[in-house]
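Below is one structure, written out as structure tokens, with a few remarks after it.
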Amino acid sequence: MTTTEIAGTPVERDAEGFLVDPSQWTREVAEEIARENGIELTPAHWQVVQFMRNRYLETGSAPSIRSLGKESGVPIKELYQLFPKGPAKLAAKIGGIPKPRGCI
Amino acid sequence: MPQRIVILGGGTGGTMVANRLRRVYSASEATISVVDRDDRHVYQPGLLFVPFGLARVEDIVRPRRRQFRRDVNFYESEVEQVDLDEHRVELADGTRLPYDVLIVATGVRLQPEETEGLTGDGWRERMFTFYDVPGAEQLAAALERFDGGRLVVNIVDLPIKCPVAPLEFAFLADAYFTERGIRADVDIAYVTPLDAAFTKPVAAERLAGLLEEKHIELVTEFSVGEVDGAGGKIVSWDEREEPFDLLVTVPLHAGAGYVSRTEGLGDDLGFVPVDPHTLQSRVRPNVFALGDAAGVPISKAGSVTHFEGEVLTENVRRFLAGEELDASYDGHANCFIETGFGKALLIDFNYETEPLPGRFPSAVGPLPLLKESRLNHLGKLMFQWLYWHALLPGRDLPGISAQMPSHGKEHHPEHV
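Heads up: the protein sequence lines correspond to chains A and B, in order. Note that our numbering numbers the first sequence so that position 96 is 121, with each residue one more than the last. Note that our numbering numbers the second sequence so that position 119 is 134, with each residue one more than the last.
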């Protein structure tokens, strides 16, 4: 676990780069983490990131890729175009929430 | 009036907990009822061996009702839903079971139909799963017929039961084709949505090494969007393709249907969120869950269910006595991994500690961790006896505790 400064804010991140404390997240932090992963955030990205983050804050767990596809308004195929390789994982990282479960 | 304990699911977790609770309470202190949709208890680790002719279905299936102690009521029915406010289970046959404590132990449901094309052309002809009894038997026949080509072992999505089973299948397939003398004519590929061979780094590295040694191709970060049975290929969401002549798939997993039909009981995959240390549900204090049905951040595995069962039994007792719950479940999991040719690995881990090399202290002496050995293979075979005769009846297994032993593990392993 390391503390780094992103967009002028000190944030704590785990070994894989996920925020340890979701309350340290800001939109600027999201943009910076996205850039680290080669993504420039568009409104479509934001729609997904916000959906992930809200769901996590409401229920305590991130949605699976399947419910993300059904409920975020962005079909799974497009999710993979927006967030190559692992949409749920990347959107969680950018949204400042822990790595989605299931990876266990 | 006796307390009413209702257990949904008569598999590993439900049976073990019913029997343990039956020893805690006399018949006048509590009624214990178990509901399951059928009367066939499958020793699930045995399913891995059926396709290779190393186990027969009749050896791994027994009647559920014969695994219970006296004074456990067994209802054979589907569950319609749970009325969480009225503390009552509604069965499909109309029976209503009121409860003081409800235990959800209904495991998972395979959902091949959720993947486009998987249940279409070629399903159960050249595309199989060994995760259920009919699938394992059909695959045995298909493997016998198979005399060359590309075998793809694929996991559709996580979480799945026994995340090591597909790896074991690939290892055993390598041994099977070698023994048949046709290994040179068979390509084996292991295609996973994970970014490595396994979920945890040290074990992933060792297992990737084993795949390489056995000439099994590893394809990572491949999430299946579509299966083309007629064309013989799986296609990922990001439009990569893996061709196959024979596909062995682990379909999407979800919790039991009634969990999703009961508002608030499950998460979006139908697993029941519980406190990871007490196994009490988040939705109601008198609802608990264990095993594959529970939403906890650890592998879905029989050993997990077993260790959870010990803590859960104690917590049901404490809950009914109005005592504070025991928060001692640490996510302990312990799995033998068959690697073929009469050998196996052993991994032992929990919420905090990933599988590490070293030695596992056991009643028969130390077993090597994360390393192939014949002793581990014998351990895996011996376990089937223990399952029916010690684990399900709810006896403590000698030298194996619900909490993970730290002793013997190398905490700073050198990467191989």
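A virtual CB, placed ideally from N, CA and C, is assigned to each residue, including glycine. Please read these numbers as outputs of a predicted model, since none were measured by experiment.
Does the Cβ-Cβ distance between residue i and residue j come in under 8 angstroms?
{"i": "A269 of chain B", "j": "G285 of chain B", "result": "yes"}
{"i": "F303 of chain B", "j": "L327 of chain B", "result": "yes"}
{"i": "G28 of chain B", "j": "T320 of chain B", "result": "yes"}
{"i": "L371 of chain B", "j": "K424 of chain B", "result": "yes"}
{"i": "Q49 of chain A", "j": "G121 of chain A", "result": "yes"}
{"i": "A59 of chain A", "j": "E53 of chain A", "result": "no"}
{"i": "G414 of chain B", "j": "H392 of chain B", "result": "no"}
{"i": "Y273 of chain B", "j": "V116 of chain B", "result": "no"}
{"i": "H422 of chain B", "j": "P376 of chain B", "result": "yes"}
{"i": "A212 of chain B", "j": "L182 of chain B", "result": "yes"}
{"i": "G240 of chain B", "j": "W252 of chain B", "result": "yes"}
{"i": "V287 of chain B", "j": "G281 of chain B", "result": "yes"}
{"i": "R198 of chain B", "j": "D189 of chain B", "result": "yes"}
{"i": "A271 of chain B", "j": "I313 of chain B", "result": "no"}
{"i": "G132 of chain B", "j": "V311 of chain B", "result": "no"}
{"i": "A46 of chain A", "j": "M26 of chain A", "result": "It should be noted that the sequence gives Asp, not Ala, for residue 46 of chain A. No."}
{"i": "L382 of chain B", "j": "M31 of chain B", "result": "no"}
{"i": "R332 of chain B", "j": "E339 of chain B", "result": "no"}
{"i": "V43 of chain A", "j": "A117 of chain A", "result": "Reading off the sequence, residue 43 of chain A comes out as Phe, not Val. Contact: yes."}
{"i": "F145 of chain B", "j": "F186 of chain B", "result": "no"}
If we define contact as Cβ-Cβ less than 8 angstroms, is residue i a contact residue for chain B?
{"i": "S97 of chain A", "result": "no"}
{"i": "I58 of chain A", "result": "no"}
{"i": "I119 of chain A", "result": "no"}
{"i": "I101 of chain A", "result": "yes"}
{"i": "K111 of chain A", "result": "Looking at the sequence provided, one finds Gly at residue 111 of chain A rather than Lys. Answer yes: the Cβ-Cβ gap between G111 of chain A and chain B drops below 8 angstroms somewhere."}
{"i": "Y81 of chain A", "result": "no"}
{"i": "P47 of chain A", "result": "no"}
{"i": "P68 of chain A", "result": "no"}
Going by CA-CA distance only, name the one from the options that's closest to residue i.
{"i": "H404 of chain B", "options": "B:M419, B:F83, B:V97, B:Q18", "result": "B:F83"}
{"i": "F398 of chain B", "options": "B:L173, B:Y273, B:F161, B:I75", "result": "B:I75"}
{"i": "R297 of chain B", "options": "B:V119, B:F64, B:D147", "result": "B:V119"}
{"i": "G122 of chain B", "options": "B:G306, B:R37, B:L371", "result": "B:G306"}
{"i": "A316 of chain B", "options": "B:A336, B:G346, B:R332, B:Q295", "result": "B:G346"}
{"i": "F322 of chain B", "options": "B:P291, B:E338, B:E339", "result": "B:P291"}
{"i": "G63 of chain A", "options": "A:P123, A:K110, A:K124", "result": "A:K110"}
{"i": "D200 of chain B", "options": "B:D260, B:D147, B:G224", "result": "B:D260"}
{"i": "V206 of chain B", "options": "B:E256, B:R77, B:R221", "result": "B:E256"}
{"i": "E101 of chain B", "options": "B:E93, B:P113, B:F334", "result": "B:P113"}
{"i": "L385 of chain B", "options": "B:A218, B:V104, B:R198", "result": "B:A218"}
{"i": "N330 of chain B", "options": "B:N301, B:P288, B:A378", "result": "B:N301"}
{"i": "A113 of chain A", "options": "A:T67, A:T29, A:R78, A:A40", "result": "A:R78"}
{"i": "F237 of chain B", "options": "B:R79, B:P208, B:L222, B:G246", "result": "B:P208"}
{"i": "P68 of chain B", "options": "B:R111, B:P216, B:L99, B:E159", "result": "Residue 68 of chain B is actually Gly in this sequence, not Pro. Selected option, being the one with the closest Cα: B:E159."}
{"i": "Q18 of chain B", "options": "B:V39, B:F351, B:E220, B:I203", "result": "B:V39"}
{"i": "I203 of chain B", "options": "B:P174, B:L262, B:E339, B:G26", "result": "B:L262"}
{"i": "I433 of chain B", "options": "B:R124, B:L396, B:A185, B:L412", "result": "Absent from the structure is residue 433 of chain B, since the part of chain B shown begins at 16 and ends at 431."}
{"i": "T46 of chain B", "options": "B:S275, B:H56, B:L335, B:L154", "result": "B:L335"}
{"i": "R389 of chain B", "options": "B:E353, B:E369, B:R410", "result": "B:E353"}
{"i": "T84 of chain A", "options": "A:Q106, A:P123, A:P68, A:K95", "result": "A:P123"}
Kindly indicate if chain A contains any beta-carbon less than 8 angstroms away from that of residue i.
{"i": "L261 of chain B", "result": "no"}
{"i": "E228 of chain B", "result": "no"}
{"i": "W252 of chain B", "result": "yes"}
{"i": "L284 of chain B", "result": "yes"}
{"i": "G132 of chain B", "result": "no"}
{"i": "G281 of chain B", "result": "no"}
{"i": "G240 of chain B", "result": "yes"}
{"i": "E236 of chain B", "result": "yes"}
{"i": "S275 of chain B", "result": "no"}
Name the DSSP beta bridge partners of residue i, please?
{"i": "R374 of chain B", "result": "B:P383"}
{"i": "P123 of chain A", "result": "DSSP lists no partner for P123 of chain A."}
{"i": "S388 of chain B", "result": "B:A359"}
{"i": "T27 of chain A", "result": "A:R38"}
{"i": "D108 of chain B", "result": "According to DSSP, D108 of chain B bridges with nothing at all."}
{"i": "G164 of chain B", "result": "B:V201"}
{"i": "H268 of chain B", "result": "B:L125"}
{"i": "L233 of chain B", "result": "B:Y205"}
{"i": "Y90 of chain B", "result": "B:V50"}
{"i": "L23 of chain B", "result": "B:V50, B:V119"}
{"i": "N301 of chain B", "result": "The partner list for N301 of chain B (beta bridge, DSSP) is empty, contrary to what the question assumes."}
Handout entry: Cβ contact (3+ pairs, closer than 8 angstroms) linking the region 79-98 of chain B and the region 39-51 of chain B
Key = yes
Exercise for the section: Count the CB pairs spanning the region 230-241 of chain B and the region 136-144 of chain B that are closer than 8 angstroms, and state whether there are at least three. Expected result: no
Practice task
Assess, as a yes-or-no matter, whether the region 31-43 of chain A is touched by the region 94-106 of chain A under the definition of 3 or more beta carbon pairs within less than 8 angstroms.
Solution key: no
Problem - the region 124-131 of chain B touching the region 266-283 of chain B, judged by at least three CB pairs closer than 8 angstroms - result: yes
Handout entry: the region 415-422 of chain B / the region 341-358 of chain B touching (three or more Cβ pairs under 8 angstroms)
Key = yes
Practice task
Specify whether the region 62-71 of chain B and the region 147-165 of chain B touch according to this definition: at least 3 beta carbon pairs, one from each stretch, less than 8 angstroms apart.
Solution key: yes
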